[in-house]
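For reference, the structure discussed in these notes is given below.
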């Protein structure tokens, strides 16, 4: 509407950002200034220790509300709703949604990316990898196939590297195929839907786009697909050998699409008719939002967990030090993929939430920096925040969270400071692995996410990491990344992902750089002690089954 000519039509791009704990819709201008936004938290479900569920319908309803509320704020600011030319979607990755093809309704709650219930499922497939292996298909291009130099296919390859060479990923509770297999094995409605070919699998961006387009579009974006353990990282297609290995029907899978193209239009609501032009996993979105578009650039996003991505260009760097090879983005259907090395930890900001909600040390998350700053050190306390095992570079689902070095001297302030140090040590562990894999010594780390708002947290990260930390003024990098992808799909503002210079005016407002001040000897002593703590917490839950029995 134009309200009698009182509203002005502009040119903006929107981003629907569905994270682990909230949904938000942000409207940006061409410079990445936020024009309007609205955010809503949605419920978290923890039905058993180590389990974490979401309700897909609650996520969807929050998405609709955020879009409508933000559009109302846009109009209240004097702009017409059709000023939003295109939107992108960015999402929590690996979270697994199963719904009925016939009804379009969810068959169960979604299993969240950090859920650890699938430990026994992982053990089952580890055994299968060692004893049976994966059959190489003659109709796809894999490293293993090329190494055979003329084999006619049908070869069985065993061991964890057989999976990694196709997907770039290790076998872990983290990835979607394991969660989907658990659903099929344990939830009767999903079992029946799979057996009767009524099952539709998707990651969160698949679920949102399917519904926003009036259940007209069923796709999975390539950076999300690369996190499922079902996609060949070289062909960017679902791999028949992987489907056979996990016992899944190909018909349950959506079509894989690029990160930047028009997939369809919003079917109803305040932005009806607006195209959706960008889909991207949240961490790859933050890589783009931080404009790490050239080989050798890296960022770390500190949200619920911490996610560090290192751009490796068109080259797939196969890690031998516990990292993942993943698709960063594909700038269009005919564009070559850009790859990244990634290291992730499942606990970063969620440790601050734990201090607030469970330990009651603080009343709000922002208080953690002030309390931690009230003491000059941790008083010898080290915290390994392995609440649901350890991800990169350790990959130990049996690890347990541990506070060590406690004494009668210890106060909540020391534990708060140890929590901030744990985040820095976890980041350094990933960067050390990246250095060994790539041969590149990281000098600057770009950061974003809620945890980066604390100056003390960033100073500790620089000190314990031994590198400078660059924090931009506008830190909504995840949402901005999907907005850039959407804008580039229709060449809004002349944006072109394959020509980074076209984004030279995006998010250029002032940033702050935190430099390390700690002496090298102190840094290395603390690093050595934290590594000792990690070794002590490993394997704590080994031999415990899903019912908690030894």
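Numbering (full-length UniProt numbering), first residue to last: 1 to 550. Beta carbons are placed, not taken as given, at the ideal position from N, Cα and C, and that holds for glycine. Note that the coordinates shown come from a computational prediction; the quantities given were computed from them, not determined experimentally.
| query | result |
| --- | --- |
| Residue environment, residue 251, which counts as buried when at least 16 other CB atoms sit within 10 Å | exposed |
| Stretch pair the stretch 464-477 + the stretch 417-432: three plus CB contacts closer than 8 Å | yes |
| Where residue 223 falls, given that 16 or more other Cβ within 10 Å makes a residue buried | buried |
| Collapsed DSSP secondary structure at residue 187 in the structure displayed | coil |
| Separation of residue 101 from residue 400, as counted between CA atoms | 39 Å |
| 8 Å Cβ shell around residue 375 - same chain, five flanking residues per side excluded | 411, 413, 414, 417 |
| Simplified DSSP state of residue 333, which is helix, strand or coil | coil |
| Rounded C-alpha distance that separates residue 117 from residue 276 | 34 Å |
| Segment contact flag, the stretch 240-249 with the stretch 171-187, C-beta cutoff 8 Å, min 3 pairs | yes |
| Best match in 280, 13, 314, 378 for proximity to residue 90 [C-alpha to C-alpha] | 280 |
| Limits of the unbroken alpha helix (DSSP H) element including residue 351 | 349-357 |
| Closest residue to residue 282 among 77, 12, 16 (Cα-Cα distance) | 16 |
| Beta-carbon proximity check, residue 422 vs residue 449, cutoff 9 Å | no |
| Cut-off 7 Å between Cβ atoms - residues of its own chain near residue 272, not counting five sequence neighbours on either side | 266 |
| Selected residue, minimal CA-CA separation from residue 20, among 36, 47, 75, 93 | 93 |
| Alpha carbon of residue 445 to alpha carbon of residue 469, nearest angstrom | 5 Å |
| Straight-line gap, residue 259 to residue 311 (C-alpha atoms, nearest Å) | 16 Å |
| Bridge partners - residue 114, DSSP secondary structure assignment | According to DSSP, residue 114 bridges with nothing at all. |
| As assigned by DSSP and simplified to three states, the class of residue 7 | coil |
| Distance, residue 494 Cα to residue 362 Cα | 46 Å |
| Nearest-angstrom Cα separation, counted from residue 133 out to residue 157 | 5 Å |
| Nearest neighbour of residue 485, chosen from 521, 329, 345, 517 [CA to CA] | 329 |
| Supposed contact pair residue 79 and residue 10 - C-beta distance, whole angstroms, cut 8 Å | 5 Å |
| Secondary structure of residue 507, DSSP reduced to three states | coil |
| Residue 370 beta carbon less than 9 Å from that of residue 284 | no |
| Nearest candidate by alpha-carbon position, reference residue 516, set 538, 199, 459 | 459 |
| Cα-Cα separation, residue 435 to residue 172 | 23 Å |
| Sheet register partners of residue 300 (DSSP bridge) | 308, 447 |
| For residue 323 and residue 552, believed in contact at Cβ under 8 Å, the rounded distance | The structure shown does not extend to residue 552, since the chain is modelled only from 1 to 550, so the question has no answer here. |
| Integer-rounded CB distance, given that residue 29 should sit under 8 Å from residue 23 | Not quite, the Cβ-Cβ distance comes to about 22 Å (not below 8 Å), so this is no contact. |
| Distance between beta carbons of residue 539 and residue 398, contact taken as under 8 Å | 5 Å |
| Three-way DSSP call (helix, strand, coil) for residue 52 in this model | coil |
| Cβ-based burial, residue 509 [other Cβ within 10 Å; buried from 16] | exposed |
| Cβ pair residue 109, residue 54 closer than 9 Å | yes |
| Coil, strand or helix - residue 66 by DSSP | helix |
| Residue 227 versus residue 174: straight-line alpha-carbon distance, rounded | 9 Å |
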